[in-house]
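Chemist: For the record, in the sequence shown the residue sitting at position 210 is 209 according to numbering that gives the first Met the number 0, with numbers rising by one throughout. Ideal Cβ positions, reconstructed from N, Cα and C, are used throughout, including at glycine. Questions regarding the structure given below will be posed in turn.
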Amino acid sequence: MLGRCRGRTSPGLAPLSDAKNASRLDGIRIGILHHSGSKLVRQGYLIDSMADLWKGRGAEVVDIVGTDTPVPVDLLLLHVDLSVVPEAYRRFAQNHSRVINLSAVDIRKRNYLKDLVGVDDESSGPVIVKSNLNHGGLPERLLGPRPSGAARLVAGIRRGLRRRLGLVNEIRFKIDYEILPDRGSVPARRFSDGSVVQRFRPERRDGDFVLREYYFFGDVEVLSMEIGSDPILTTGRQVDYRVASPPPEVRAVRDRLNLDRGKIDFSCPEREVVVYDANKCVGTRADPGEPVRKIAADLSMGIDAWVHCDAS
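In structure tokens:
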């Protein structure tokens, strides 16, 4: 079951990003639940831009850090940036009548990626090796127990030396993802160290790599497309933006992960659909830029379905 009061997806729905057409949210208290270890809370996330828009429509937005103190809100957004949401946050959220992403509690890649290659598979062609955890497991390291300063220093020096020697021991960031010519080139440890190995089938356009992004918040759905020279890092330039529904294969991933809001990265090489990644806590650059602000404006309207639903 998805988050309580989730609206039904309407393929023809056109979100209204024009503030003149946005209904007021006066008297509505929106809570955003963060991990207790969060330092910047909303900063660096798409939810920050949306929260500003909700406040502009009259809502009160409350950041709830950790689960120690109950906070009365009309609507709760579960925004714990970990691949697996800890049980304490699930229980906290369940005490609220309206919850967004209530059931989106495990987005590890093995739960939804297809074309995975196993140690005994005879798959031919290039493969990509990446972390089973979202964003290379960086959120888990940032929010988990911190080692001592000396231990961090020694570990950092060791990682730096190994990286310079081309001996990447563990996948910690996206830059550590590896594209290899075939399954036989994958080091044996990658099949048992928490990595996933997926067939690498990129979509190309005029020599560049194409990334398609499906953003969604309840009934509001937008598709963005970027192109760039890097096959791994998503830092290309936006060449298309549409209010539209995704291919059925992409929507199926959303449904499988119980996502009320988030983003799914995919491509369409040779008219097939290849899903790369799914995220429930979408990050942004320090200065999001106009394309991201447009996405935030459209997605922010998705909250209306929860505000006006019957939570009884």
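I'd like to know whether the C-beta of D205 is nearer than 8 angstroms to at least one C-beta of chain B.
Modeler: Reference to chain B is not applicable here, since this structure consists of a single protein chain.
Chemist: Considering just the uninterrupted stretch of the alpha helix (DSSP H) at G30, what are its terminal residues?
Modeler: Element bounds for G30: not the alpha helix (DSSP H) but the beta strand (DSSP E), R28 to H33.
Chemist: In the DSSP assignment, the beta strand (DSSP E) including D62 goes from what residue to what residue?
Modeler: From DSSP, the beta strand (DSSP E) with D62 extends over E59 to V64.
Chemist: So K113 packs on S194, CB below 8 angstroms; how close in whole Å?
Modeler: In fact, because the Cβ distance is near 17 angstroms, the residues do not count as touching under 8 angstroms.
Chemist: So the candidates are H307, V242, H95 and Y111; which of them puts its Cα closest to the Cα of V221?
Modeler: For V221, the closest of H307, V242, H95 and Y111 by C-alpha to C-alpha distance is V242.
Chemist: Taking the alpha carbon of W305 as the reference point, which residue from E271, A295, D264 and R260 has its own alpha carbon closest?
Modeler: Nearest option by C-alpha distance: R260.
Chemist: Taking the alpha helix (DSSP H) that R188 belongs to, which residues open and close that run?
Modeler: No alpha helix (DSSP H) holds R188; DSSP gives it neither H nor E.
Chemist: Going by C-alpha to C-alpha distance, which of E212, D73 and T283 sits closest to L45?
Modeler: T283
Chemist: Considering only their Cβ atoms, is the gap separating S223 from I294 smaller than 8 angstroms?
Modeler: yes
Chemist: Assign I294 to one of three DSSP states: helix, strand, or coil.
Modeler: helix
Chemist: At the level of alpha carbons, what is the spacing between S16 and G301?
Modeler: Note that S16 scores 46 on pLDDT, short of 50, meaning its location in the model is unreliable; the coordinates nonetheless yield the value given after this. When rounded, the distance between both Cα atoms is 10 angstroms.
Chemist: Excluding the five sequence neighbours on either side, which residues of its own chain have a C-beta within less than 8 angstroms of the C-beta of V61, listed in chain order?
Modeler: R28, I29, G30, I31, V70 and V72
Chemist: Using 8 angstroms as the cut-off, can you tell me whether the region 234 to 251 makes contact with the region 92 to 106, which would need three or more C-beta pairs spanning the two stretches below that distance?
Modeler: no
Chemist: Do D47 and R56 come within 8 angstroms of each other at the CB atom, strictly closer than that value?
Modeler: It is not a contact, given that the beta carbons lie outside the stated cut-off.
Chemist: Where P85 and G206 are concerned, what is the direct C-alpha to C-alpha distance, given to the nearest angstrom?
Modeler: If you take the alpha carbons of P85 and G206, they lie about 43 angstroms apart.
Chemist: Once the 5 residues before and after R23 are set aside, which same chain residues still bring their CB inside 6 angstroms of it?
Modeler: Excluding positions up to five away in sequence, the list reads R56 and G57.
Chemist: Leaving aside the five residues before and after R200 along the sequence, list all residues of the same chain whose C-beta is less than 6 angstroms from its C-beta, in chain order.
Modeler: P268 and V273
Chemist: Assuming the contact rule is C-beta atoms closer than 8 angstroms, Y111 and A277 should be a hit. Round their C-beta distance to whole Å, please.
Modeler: 6 angstroms
Chemist: What do you get for H34, buried or exposed, if any count of 16 or more other CB atoms within 10 angstroms of its CB means buried?
Modeler: buried
Chemist: Could you give the C-beta distance for E169 and D192, rounded to a whole number, given that I count them as a contact under 8 angstroms?
Modeler: 7 angstroms
Chemist: Alpha carbon to alpha carbon, how far is N257 from L74?
Modeler: When rounded, the distance between both Cα atoms is 18 angstroms.
Chemist: Rounding to the nearest angstrom, what Cα-Cα distance links S299 and K173 in this structure?
Modeler: 28 angstroms
Chemist: Would you call R7 buried or exposed, if buried means 16 or more other Cβ atoms sit within 10 Å of its Cβ?
Modeler: For R7, the pLDDT reaches just 34, beneath the cut-off of 50, and the residue's location in the model is therefore unreliable, although a value from the coordinates is still provided. With fewer than 16 Cβ atoms within 10 Å of its Cβ, R7 is classed as exposed.
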